[in-house]
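Heads up: the structure comes next, in structure tokens.
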Amino acid sequence: MAQEKWLNLVERDASDLDSAFRDDVLQGLSEPQKAVPARWLYDDVGSRLFEDITDLPEYYPTRAETEILTARGEEFRALIGPGRAVVEFGSGSSVKTPLLLGCIDPATYVPLDIAGDFLRAAAAELSAKFPGMPVYPVEADFMRQVALPDEVATLPKLGFFPGSTIGNMVARTAVDLLRTMRATLGEHSQLLIGMDLIKDPAVLEAAYDDAAGITAEFNLNLARRINRELGGTIPLDALRHVARWNDAFARIEMHLEATRPIAFEVARQRFAMKKGETIHTENSHKFSRRSATTLLLAGGWTPLERWFDQAERFSLVLADATVPRSAP
Ligand code: AVI
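Structure, rendered in structure tokens:
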């Protein structure tokens, strides 16, 4: 399904990106369950809307993870130790990353991101906050193994992947990414990863369908983007944002649902949707302690410790690349 191609971005220049977007949309709209990979939600407008989402009263993950990072610094310091190269998958958040760097006394910071502009801005901000710490930004697609700068070759590594972005991937893609991270970081590395927890579906559905309608805007922006960039004629007034808990797969799904029968074109191809038919636009998987452990082990990481916010909504897991000796 097209959804499984989440973030699988290898193309670098704008025309390649345009055709990757067009191919994903045309293929996704041709499937029996229409679906567009979630990475296309994040154009400039979508990225700004996502920033707004992280401040919403209903959207707890960012606050919960920040709470853990603020409260558990001493424990991170004890288990991770000083002198590591912190390799962040994504260009980093101006709040979360300094909290981590401030408590573990790292040797260097290496943000990895495919979006060069965000990467350079985040790296400059971090350098200003930690003047004595070398920062080596790497413009790369972290879904593939990345060659880290020579300067960090001999340092022990800590991978940092906050936000529960791992939950936006189906299990197969998530396992591939965890294995790729292990290959990027090397044998004796550690990984600190945010993993959102299964909870009352009403709380989850509110987090992805807020009263102010920002998440709805974020989702509808995808249709707007298709119209703008691919010559689409999708009638936006006939689509509504839906966020629903899929218990079998332990995930929140975002969809765009047709409120009446519609017909439209994208890149000169014709499509139709019946009333009630949806375009699946995002998965956000939630984890139990056991499912998180299974996923990490499948990806080559052994959980060492996990921390929760006070309300136990969100977890940060520290895992080690060392595979324990046990029966096969
Ligand atoms: C980026 N990612 C971890 C967010 C999430 O919670 O799954 C994306 C998001 N989609 C709607 N709200 C937030």
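Position in the sequence shown (from 1) plus 272 gives the number in my numbering.
Beta carbons are placed, not taken as given, at the ideal position from N, Cα and C, and that holds for glycine.
Ligand 1 and I325: does the residue's C-beta get closer than 6 angstroms to at least one heavy atom of that ligand? Along the sequence shown, read from residue 1 onward, the residue named residue 325 stands at position 53. Flag set: Cβ of I325 near ligand 1.
Please go through the region 326-365 and give each complete beta strand (DSSP E) segment of 3 or more residues, from N-terminal end onward. Qualifying beta strand (DSSP E) stretches, in chain order: 357-361.
Can you tell me the Cα-Cα spacing of L420 and K546, whole angstroms? Taking the sequence shown and counting its residues from 1, the one referred to as residue 420 is at position 148. Taking the sequence shown and counting its residues from 1, the one referred to as residue 546 is at position 274. Rounded to the nearest angstrom, the two C-alpha atoms are 49 angstroms apart.
Any idea what DSSP makes of D413, helix, strand or coil? Stepping through the sequence shown from its first residue, residue 413 is reached at position 141. D413: coil per DSSP, three-state reduction.
Excluding the five sequence neighbours on either side, which residues of its own chain have a C-beta within less than 6 angstroms of the C-beta of A336, listed in chain order? One-based indexing of the sequence shown puts residue 336 at position 64. So the qualifying residues of the chain are D581, R585 and F586.
Using only alpha-carbon positions, find the residue among A488, A394 and W517 that is nearest to E477. Reading the sequence shown from its first residue, position 205 is the one you call residue 477. The option with the nearest alpha carbon to E477 is W517.
Give me the Cα-Cα distance between G374 and G355, rounded to the nearest whole angstrom. As a working note, residue 374 is residue 102 in the sequence shown. As a working note, residue 355 is residue 83 in the sequence shown. Answer to the nearest angstrom: the Cα atoms are 12 angstroms apart.
Check each candidate in L341, S556 and R497 and name the one with the smallest Cα separation from A479. Residue 479 sits at position 207 when you count from the first residue of the sequence shown. Looking at L341, S556 and R497, the one whose alpha-carbon comes closest to that of A479 is S556.
What span of residues does the beta strand (DSSP E) with P378 cover, start to end? Position 106 of the sequence shown, counted from the start, is the residue given in the question as residue 378. Looking at the DSSP string, P378 is not in any beta strand (DSSP E), and its letter there is neither H nor E.
Excluding the 5 residues preceding and the 5 following T550 in the sequence, name in chain order all residues of the same chain whose CB lies nearer than 8 angstroms to its CB. One-based indexing of the sequence shown puts residue 550 at position 278. Result list for T550: Q305, K306, V514, H527, L528, E529 and A530, in chain order.
Can you tell me whether DSSP reads E459 as helix, strand or coil? For this step, residue 459 is matched to residue 187 along the sequence shown. The answer is coil: DSSP assigns E459 none of H, G, I, E or B.
Considering D592, what are the terminal residues of the beta strand (DSSP E) in which it resides? As a first step, residue 592 must be located in the sequence shown, where it is residue number 320. From DSSP, the beta strand (DSSP E) with D592 extends over F586 to D592.
Nearest to L351 by alpha carbon, out of S598, E577, T594 and P596? The count along the sequence shown starts at 1 and reaches residue 351 at position 79. Of all alpha-carbon atoms in S598, E577, T594 and P596, the one lying nearest the alpha-carbon of L351 is that of E577.
Any heavy atom of ligand 1 closer than 6 angstroms to the beta-carbon of T437? The residue labelled residue 437 in the question sits at position 165 within the sequence shown. For ligand 1, at least one heavy atom lies less than 6 angstroms from the Cβ of T437.
Rounded straight-line distance, which links the Cα of Q541 to that of L590: Translated into positions along the sequence shown, residue 590 becomes position 318. Translated into positions along the sequence shown, residue 541 becomes position 269. L590 and Q541: Cα-Cα distance of roughly 47 angstroms.
Mind checking which residues open and close the beta strand (DSSP E) that includes S556? Against the sequence shown, residue 556 aligns to sequence position 284. Looking at the DSSP string, the run of the beta strand (DSSP E) that includes S556 is T550 to H557.
Under 7 angstroms, do F433 and I470 count as touching if we go by C-beta distance? Working through the sequence shown from its first residue, we reach residue 433 at position 161. Working through the sequence shown from its first residue, we reach residue 470 at position 198. For F433 and I470, no; Cβs fall outside 7 angstroms.
Determine the closest residue to R392 out of N491, L371 and S366, with distance taken between C-alpha atoms. Along the sequence shown, read from residue 1 onward, the residue named residue 392 stands at position 120. For R392, the nearest C-alpha among the options comes from S366.
Nearest-angstrom Cα distance between K429 and T594? Indexing the sequence shown from 1 puts residue 429 at position 157. Indexing the sequence shown from 1 puts residue 594 at position 322. Between K429 and T594, the C-alpha separation is close to 13 angstroms.
Please classify T456: is it buried, with 16 or more other beta-carbons within 10 angstroms of its beta-carbon, or exposed? One-based indexing of the sequence shown puts residue 456 at position 184. For T456, the number of other beta carbons within 10 angstroms of its own is at least 16, and it is reported as buried.
Unbroken alpha helix (DSSP H) run spanning L492, endpoints: For the purposes of this step, residue 492 is taken as residue 220 along the sequence shown, with counting starting at 1. Per DSSP, L492 belongs to the alpha helix (DSSP H) from I486 to E501.
Any non-hydrogen atom of ligand 3 closer than 6 angstroms to N493 Cβ: Annotation note on ligand 3: not contained in the displayed structure, which lists ligand 1 as its ligands.
So what does DSSP say about K547, is it helix, strand or coil? In the sequence shown, residue 547 corresponds to position 275, counting from 1. Note: K547 maps to coil in three-state DSSP.
Is T565 helix, strand or coil by DSSP? Looking up residue 565 in the sequence shown gives position 293. Helix.
Alpha helix (DSSP H) containing V475: first to last residue? Translated into the one-based positions of the sequence shown, residue 475 becomes position 203. Element bounds for V475: P473 to A479.
Per DSSP, cross-strand counterpart(s) of L469: Mapped onto the sequence shown, residue 469 falls at position 197. Answer is F559, bridged to L469.
Where do the N-terminal and C-terminal ends of the beta strand (DSSP E) with I578 fall, by residue? Looking up residue 578 in the sequence shown gives position 306. This sequence places Arg at residue 578; Ile is not what is there. Unbroken beta strand (DSSP E) run through R578: T574 to F580.
Can you find a heavy atom of ligand 1 that lies under 6 angstroms from the Cβ of N440? Locating residue 440 in the sequence shown gives position 168, counting from the first residue. Correct: N440 has its Cβ closer than 6 angstroms to ligand 1.
Taking Cβ positions, are R416 and W579 nearer each other than 7 angstroms? To locate residue 416, count along the sequence shown from 1; it is residue 144. To locate residue 579, count along the sequence shown from 1; it is residue 307. Contact: no.
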